[in-house]
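Undergrad: Below is a structure I'd like to ask you about.
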Amino acid sequence: MSQSLDIDLLRSFVAIAETGVLGQAAARVGRTQSALSMQMQRLEGVVEQPLLFRTGRGVTLTAAGERLLAHAAQLLRLHDETLAELRGEQLSGVLRFGCPDDYAVVFLPHLLRGFASLNPRVQLEVVCAPTPRLRELLARHAIDLALVSVMVSETGQPDGADVIRREPLVWVGQRGGHAASLDPLPLALGAPDGFDHQAPRQALDAAGRAYRLACASSSLAGLVAMARSGQAITVLTQTAVPDDLQVLPADADLPALPTVGIALAFDREQPSALVSAFGAHVRQALPLA
113 MSQSLDIDLL RSFVAIAETG VLGQAAARVG RTQSALSMQM QRLEGVVEQP
163 LLFRTGRGVT LTAAGERLLA HAAQLLRLHD ETLAELRGEQ LSGVLRFGCP
213 DDYAVVFLPH LLRGFASLNP RVQLEVVCAP TPRLRELLAR HAIDLALVSV
263 MVSETGQPDG ADVIRREPLV WVGQRGGHAA SLDPLPLALG APDGFDHQAP
313 RQALDAAGRA YRLACASSSL AGLVAMARSG QAITVLTQTA VPDDLQVLPA
363 DADLPALPTV GIALAFDREQ PSALVSAFGA HVRQALPLA
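Counting in my numbering, the sequence shown runs from 113 upward without gaps.
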């Protein structure tokens with residue numbers, strides 16, 4: 113007798129895949145860790161393959177788990193959209209969403225297009241700003257939720273945040289350029305209180321590499337322009353690197369950079385149904401963007 117994929121099992125599986133930590137996943141789906149483990153045993157029984165691999169740092173996906181994740185996110189979206197449509201549910205109102213520039217370029221079209229097509233009565237207002245400014249806006253309730261950058265600890269787990277995607281920071285320069293070999297190293301970096309500004313300077317200080325700040329800008333366009341000019345190198349999340357620029361390898365002159373976590377932050381502990389729905393949409397869509 114054939115078995116079917118249970119929606120609740122898939123929802124729990126996606127929560128584990130996105131958080132990488134059973135405790136966080138259990139809190140997200142409202143179950144105990146033991147109940148979550150039993151659910152995963154049932155799901156592995158249905159697909160007849162191991163899906164999760166437990167390590168000292170948390171939980172990672174097997175090759176089969178990676179394949180299932182892509183299908184599971186799509187199935188959950190289709191399930192939730194179908195149920196809402198049949199129930200006649202339709203969200204409406206104004207949604208104020210914050211997003212850093214580099215995430216906006218890569219993720220925003222995908223995130224907004226999918227949500228807007230399903231919720232035509234929702235008015236989306238977007239603010240692009242560095243994470244420190246977005247946190248200030250959240251504190252003033254000037255925006256409802258935001259994608260923010262958070263530091264990922266040496267163990268690979270986020271420091272007190274629900275990380276839904278991880279992105280390595282990379283050195284970026286002009287293709288065939290020579291700025292990386294200059295002494296002192298010319299840098300174009302983001303806002304001084306931002307992670308993408310502080311992390312490279314700390315890494316260079318630790319490596320004993322001399323540098324100078326050639327450009328400090330909160331604008332992604334300004335940083336990319338400096339890199340394209342060949343007058344400086346910059347630091348971006350890997351997914352945001354334009355095709356015409358080059359990721360510079362970490363070596364003795366350019367120390368390795370840390371990984372940044374992308375998390376959702378809300379302006380209140382109990383967000384509205386509209387804000388919660390958009391947050392759920394981001395959690396499902398962002399890892400696949």
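By construction, the Cβ of each residue, glycine as well, lies at the ideal position given by its N, Cα and C atoms.
1) Can the beta-carbon of residue 158 be found less than 8 Å from the beta-carbon of residue 115?
2) State the Cα-Cα distance for the pair residue 284 and residue 154, rounded to the nearest angstrom.
3) Compare the C-alpha of residue 335 against each of 214, 370, 144 and 141 and name the closest.
4) Can you tell me the Cβ-Cβ gap for residue 236 and residue 209, rounded? I've got them flagged as a contact below 8 Å.
5) Mind listing, in chain order, the continuous beta strand (DSSP E) runs of no fewer than 3 residues lying wholly within the region 291 to 317?
6) My output table needs one value for residue 113: the three-state DSSP class, helix, strand or coil.
7) Report yes if the CB atom of residue 305 is closer than 8 Å to the CB atom of residue 244, and no otherwise.
8) In chain order, which beta strand (DSSP E) runs of at least 3 residues are fully inside the region 156 to 187?
9) Within 10 Å of its beta-carbon, does residue 120 have 16 or more other beta-carbons around it, so buried, or fewer, so exposed?
10) Among 375, 299 and 320, whose alpha-carbon lies nearest the alpha-carbon of residue 339?
11) Using DSSP's beta-bridge definition, name the partner residues of residue 345.
12) Give the straight-line distance between the Cα atoms of residue 181 and residue 302, rounded to the nearest whole angstrom.
13) Below 8 Å on the Cβ atoms is my contact criterion, and I expect residue 66 with residue 344 to pass it. Report the Cβ-Cβ distance as a whole number of Å.
14) Just to check my reading of the structure: residue 174 and residue 164 have Cβ atoms closer than 8 Å, yes? What is that Cβ distance to the nearest angstrom?
15) Could you give the residue range of the beta strand (DSSP E) that holds residue 280?
16) Residues in the same chain with beta-carbon distance under 7 Å from residue 122, minus the five sequence neighbours each way, listed in chain order, please.
17) Rounded to the nearest angstrom, how far is the Cβ of residue 109 from that of residue 375, given a contact under 8 Å?
18) Buried or exposed for residue 277, going by 16 or more other Cβ atoms inside 10 Å?
19) When the distance is taken between beta carbons, is residue 241 closer than 8 Å to residue 234?
TA: In terms of the structure at hand:
1) yes
2) 45 Å
3) Closest option to residue 335, Cα to Cα, is 214.
4) Rounded to the nearest angstrom, the Cβ distance from residue 236 to residue 209 is 7 Å, consistent with a contact under 8 Å.
5) 297 to 301
6) Low per-residue confidence applies at residue 113: pLDDT is 49, beneath 50, and the placement is therefore not dependable, though the value from the model is reported in the following sentence. If DSSP states are grouped into helix, strand and coil, residue 113 belongs with coil.
7) Taking 8 Å as the cut-off, the Cβ atoms of residue 305 and residue 244 count as close.
8) 164 to 167 and 170 to 173
9) exposed
10) 299
11) 299
12) 34 Å
13) Nothing about residue 66 can be read from this structure; the chain reaches only from 113 to 401.
14) 7 Å
15) 275 to 286
16) The beta carbon of residue 122 sits closer than 7 Å to those of 184, 187 and 188, all from its chain and outside the five residues before and after it, given in chain order.
17) Past the edges of the chain, shown from 113 to 401, lies residue 109, and the structure says nothing about it.
18) buried
19) no
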